[in-house]
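Peer 1: Residue 255 in the working numbering is what sits at position 274 of the sequence shown, and the numbering runs on without skipping anything.
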Amino acid sequence: MTSTRRSLLSQASIAAAAGTALGFPMIARAQQNFSWKMTSAYGKGSPFYMEGPGSAIDLAKRIDTMSGGRLKIQVFGAGELIPALEGFDAVRAGTVEMNHANSYFWTGKTFAAQYFTAVPFGLNFQGINGWLYDGGGQQLWNEVYAPFGMVAMPCGNTGVQMTGWFKKEIKTVADLKGLKMRIPGLAGKVYANLGVDVKVLPGGEIFPALERGVIDAAEFVGPFQDRRLGLHKAAKNYYTTGWHEPSTVSELLINKAAWDKLPADLKAIVTNASAACNVISEGWCQKANSDAMEDLIKNQGVIARPLPDDVIKALKVETDKVLAEAIKDPLTKKVHDSYFAFKAKYDRWSEISEEAYHLKVRG
C-alpha cells in the first residue's frame, strides 16, 4: 500500500468517525436491510384486502420498490401463520412486525380502537381522512395503542358500505328482534340493543353460515366483495344506507419496538406507501362496486333498497346510547370528543360543498 493510499484511507476513517460523532449515520447503517412479516385478518386471494390495488400484498410490494429492497415484507393471509383475528396479540408480542386488518376487531382490548375504523352515523371517506391526517386522529390512534407497544396508520378504505343481506324483508324495527346476524364492531352492539343475536365471523365463514341458516343476515363490505363470497345466492334482500360504516379504514398495525429500529427514510416510505394505498383502494372500490351492483340487480335477482326510515331512526337512538356508555372510559371519551368535534365542523363544510353539489346536479 502506498503512502498516498494509506493517507487517504486514514483521512476517510477520521471523517467517518467525526461524522458519526456529530450525529450523521454512517453509510453502512443507512443501507441496513430489514425482513418483516405481515399477517392479515383476511384470507389469501381476497380482493381489496389481500390482492389488487391498495391491498396488503400491494402495500408490501410498494414498500419493497420504494425502499430499493431494503425493507421486505412477507405477507401471510388469515390462518397461514396465525388465526384470522389474532393479529393484535401477534404484533404486540413481536411474533410478527405488522398486521393488516381493521381496528374495530380490537374493541375487546380497548374500545377506543373502534373510532379508527368506522363509527355508525360517523365520518365518510373524505371526513375520516381529514380527521386522521390533519385533525389529530393519527396522534390519538398511537396514543390508544401506546400501552400495548404498537403504532398504527390507515392503509385502505372501502368508502360507504352496504347495510347487508337479509333472508327476509325488513319492514319495521320489530323484524330485527331475534335475527341472527354477522356484524362486527360498534354496529354489533347497536343491533344487539334492538334484539339482534350478533355473530362475529371471518369473511370466509359468512356464506356457509348464511346458506345453512346458522345466521339470518350478514354484513360484509359492498357489492363486489359480497358477490364474490356468493352472499346473493343465500339471501336476496340487499339493504343500504351505510349507517354502520360510512367509511371503513384498513389498519396497518406495527410493533413499536420494530418501528423504532427503522431509519427515518424507511419510516417515511412505509407511511407514504400506506397513504397511497388508502386512496388507491377506495378508488378501486368505487369502480368495482359500480359494476357489481349493476350485475346483482340486473342479472342476479337481487332486491336493493334502503332501510325503512323508522329502522334508521331506531338505530341512531341506540347508537347514541352505546356511545354514551362507551365514553365513561376517559381515553375513549378523549377520542370520541375529538372525532365528533371534527365531524361537526366537517358536516357544516360538507353541507355547503359536497351535499350542495349533489343536490344541484341530481335535482
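A virtual CB, placed ideally from N, CA and C, is assigned to each residue, including glycine.
Just curious, the beta strand (DSSP E) that GLU232 is in, first and last residue?
Peer 2: Looking at the DSSP string, the run of the beta strand (DSSP E) that includes GLU232 is 230 to 236.
Peer 1: Is the beta carbon of ILE44 closer than 8 Å to that of ALA239?
Peer 2: Not a contact, by the Cβ cut-off of 8 Å.
Peer 1: Per DSSP, GLU186 forms a beta bridge with which residues?
Peer 2: None, per the DSSP bridge assignment.
Peer 1: I'd like the span of the alpha helix (DSSP H) that includes GLY169, first residue to last.
Peer 2: 166 to 174 is the extent of the alpha helix (DSSP H) around GLY169.
Peer 1: In whole angstroms, what is the alpha-carbon distance linking VAL77 and TRP17?
Peer 2: Answer to the nearest angstrom: the Cα atoms are 7 Å apart.
Peer 1: Can you list, in chain order, the residues of its chain with a C-beta nearer than 7 Å to that of GLN267? Leave out the 5 residues immediately preceding and following it.
Peer 2: Once the five neighbours on either side are set aside, the close Cβ partners of GLN267 are GLY140.
Peer 1: How many angstroms separate the CA atom of LEU(-11) from the CA atom of SER36?
Peer 2: Here the model assigns LEU(-11) a pLDDT of 42, short of 50, so the residue's position is not dependable and the matter cannot be decided.
Peer 1: Comparing C-alpha positions only, which one of LEU312, GLU186, LYS248, PRO128 sits nearest to PHE69?
Peer 2: The option with the nearest alpha carbon to PHE69 is PRO128.
Peer 1: With DSSP collapsed to three states, give me the class of GLU200.
Peer 2: Of the three classes helix, strand and coil, the one that applies to GLU200 here is coil, per DSSP.
Peer 1: Checking the sheet assignment: what are the DSSP bridge partners for ARG208?
Peer 2: Per DSSP, none; premise fails for ARG208.
Peer 1: Going by the beta-carbon positions, is the gap between ILE284 and TYR219 smaller than 8 Å?
Peer 2: Yes; because the gap between Cβ atoms is below 8 Å, this pair is in contact.
Peer 1: Alpha carbon to alpha carbon, how far is ILE333 from VAL303?
Peer 2: Computed Cα separation, rounded: 30 Å.
Peer 1: Pairs of beta-carbons, one from the stretch 322 to 331 and one from the stretch 108 to 125, closer than 8 Å: are there three or more?
Peer 2: A contact exists between the stretch 322 to 331 and the stretch 108 to 125.
Peer 1: Can you tell which of GLY49, GLY75, ALA22 has the C-alpha that lies nearest to the C-alpha of ASP241?
Peer 2: Selected option, being the one with the closest Cα: GLY75.
Peer 1: Return the CA-CA distance between GLN12 and TYR172, expressed in angstroms with no decimal places.
Peer 2: Approximately 52 Å, taken between the alpha carbons.
Peer 1: Buried or exposed for TYR338, please, with buried defined as at least 16 other CB atoms from any protein chain shown within 10 angstroms of its CB.
Peer 2: With fewer than 16 Cβ atoms within 10 Å of its Cβ, TYR338 is classed as exposed.
Peer 1: So the candidates are ALA295, ASN14, TRP330; which of them puts its Cα closest to the Cα of PRO101?
Peer 2: Among ALA295, ASN14, TRP330, the Cα nearest to that of PRO101 is on ALA295.
Peer 1: Per the DSSP calculation, ARG286 is bridged to which residue(s)?
Peer 2: DSSP output for ARG286 lists TYR220 as bridge partner(s).
Peer 1: Would you report the Cα separation of TRP87 and GLU306, rounded to the nearest angstrom?
Peer 2: Between TRP87 and GLU306, the C-alpha separation is close to 18 Å.
Peer 1: Could you check if GLU232 is buried or exposed, using at least 16 other CB atoms within 10 Å of its CB as the buried criterion?
Peer 2: Classification for GLU232: buried.
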